[in-house]
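Chains as they are written, first to last, in our numbering: chain A, 13 to 163; chain B, 183 to 300.
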Amino acid sequence: MSNSRNHALIDRYFEEFEASAQSLELHHSRAIQDELRAHLAEILPLDASDDEIADAIEQLGTPAQILSGEIKAITPQIQRSAVVALWLIVRIVGWLLVGINVVQMIIGAILNLSGSQFPPGWYWIGMFIGLVFGGGFLILGYWGRHRTRRD
Amino acid sequence: MTGLSERDAQLSRGVLGPCILALLTQGPRYGLQLVRELEAVGGLLTTQGTIYPLLDRLEQSHYVKSSLRADRGQPKRFYKLSGDGEAELERFREQWATFNRSVSTLLATGTRPKEDNL
Numbered sequence: 013m014s015n016s017r018n019h020a021l022i023d024r025y026f027e028e029f030e031a032s033a034q035s036l037e038l039h040h041s042r043a044i045q046d047e048l049r050a051h052l053a054e055i056l057p058l059d060a061s062d063d064e065i066a067d068a069i070e071q072l073g074t075p076a077q078i079l080s081g082e083i084k085a086i087t088p089q090i091q092r093s094a095v096v097a098l099w100l101i102v103r104i105v106g107w108l109l110v111g112i113n114v115v116q117m118i119i120g121a122i123l124n125l126s127g128s129q130f131p132p133g134w135y136w137i138g139m140f141i142g143l144v145f146g147g148g149f150l151i152l153g154y155w156g157r158h159r160t161r162r163d
Numbered sequence: 183m184t185g186l187s188e189r190d191a192q193l194s195r196g197v198l199g200p201c202i203l204a205l206l207t208q209g210p211r212y213g214l215q216l217v218r219e220l221e222a223v224g225g226l227l228t229t230q231g232t233i234y235p236l237l238d239r240l241e242q243s244h245y246v247k248s249s250l251r252a253d254r255g256q257p258k259r260f261y262k263l264s265g266d267g268e269a270e271l272e273r274f275r276e277q278w279a280t281f282n283r284s285v286s287t288l289l290a291t292g293t294r295p296k297e298d299n300l
């Protein structure tokens with residue numbers, strides 16, 4: 013037997029609410045639903061008639077009405093999240109470039125100090141890396157030194 | 183009283199949060215209490231359920247704190263104004279005073295308010 017807590021109208025109302033609240037985080041959706049259920053539980057007697065329940069639901073408002081302000085409020089949050097994500101990507105790429113640069117400098121410094129022979133093809137690799145990242149200039153430096161010594 | 187027009191709904195949307203904060207200066211309230219008080223003021227609630235997402239958002243913003251308490255046997259979520267909420271309410275009061283003066287002057291006279299009145 014159904015009462016005002018588990019009436020079919022109320023069940024259908026909350027099914028509709030869940031469908032409308034899909035863009036909300038689950039715990040916020042649940043918190044709002046708990047409050048709506050507590051609201052209905054307080055204003056409806058346990059043996060409420062279908063008409064009383066329908067009237068209470070009407071006064072409560074449709075899920076779309078209740079959530080209309082929320083969906084609009086979420087949009088700027090999504091935009092803010094996109095900016096935060098973009099900034100994070102820029103920072104990761106930035107640090108990656110710094111890391112690559114430092115590694116190249118170290119490699120360049122080791123090669124320069126070791127004075128080992130360097131294949132001529134590395135000039136172009138050094139040139140390319142040097143154009144894209146500053147650290148490649150150290151490899152070019154090594155190449156220059158190597159050429160000078162050979163000449 | 184509910185069932186406001188779309189224009190009323192738009193007008194009330196921006197002020198409902200601060201009005202809830204103002205009601206909470208009188209002490210903790212639970213949802214239905216706030217609904218009843220706002221309905222008594224009139225012209226603020228489009229539907230009774232409107233305040234629940236708003237209360238959730240006020241809590242997310244740390245303007246209110248909530249806790250479950252038993253009230254006549256039923257557990258109810260009571261909302262209490264926080265320090266941040268008081269500060270936000272004070273900011274809104276100042277904004278509202280300026281906004282109200284500006285719009286009232288403009289609507290009444292069709293001219294913009296004088297600088298020294300702002």
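From the three backbone atoms N, C-alpha and C, an ideal C-beta is built for every residue, glycine too.
- Neighbours of A/Gly81 across chain B, judged by C-beta separation under 8 Å: Arg195, Thr232, Pro235 and Leu236.
- Rounded to the nearest angstrom, the Cβ distance from B/Tyr261 to B/Leu206 is 6 Å, consistent with a contact under 8 Å.
- DSSP places A/Leu98 within a helical segment (H, G or I) once states are collapsed to three.
- The count of Cβ pairs closer than 8 Å, one atom from the segment 96 to 107 of chain A and one from the segment 51 to 63 of chain A, stays below three, leaving the stretches out of contact.
- Against chain A, the beta carbon of B/Gly255 has no neighbour under 9 Å; the closest one sits roughly 11 Å away.
- Per DSSP, B/Ser187 lies in no alpha helix (DSSP H) segment and is marked neither H nor E.
- With respect to the C-alpha of B/Arg251, the residue from B/Gly213, B/Ser286, B/Thr280 and B/Arg189 having the closest C-alpha is B/Gly213.
- At a C-beta separation below 9 Å, B/Arg259 has these neighbours in chain A: Ala43, Asp46, Glu47 and Ala50.
- At least one beta carbon of chain B lies nearer than 9 Å to the beta carbon of A/Gln71.
- For the segment 208 to 219 of chain B, the set of residues with a beta-carbon nearer than 7 Å to any beta-carbon of chain A comprises Gly213 and Leu214, in chain order.
- Of the candidates B/Ile233, B/Gln277 and B/Glu241, B/Ile233 places its Cα closest to the Cα of A/Gly73.
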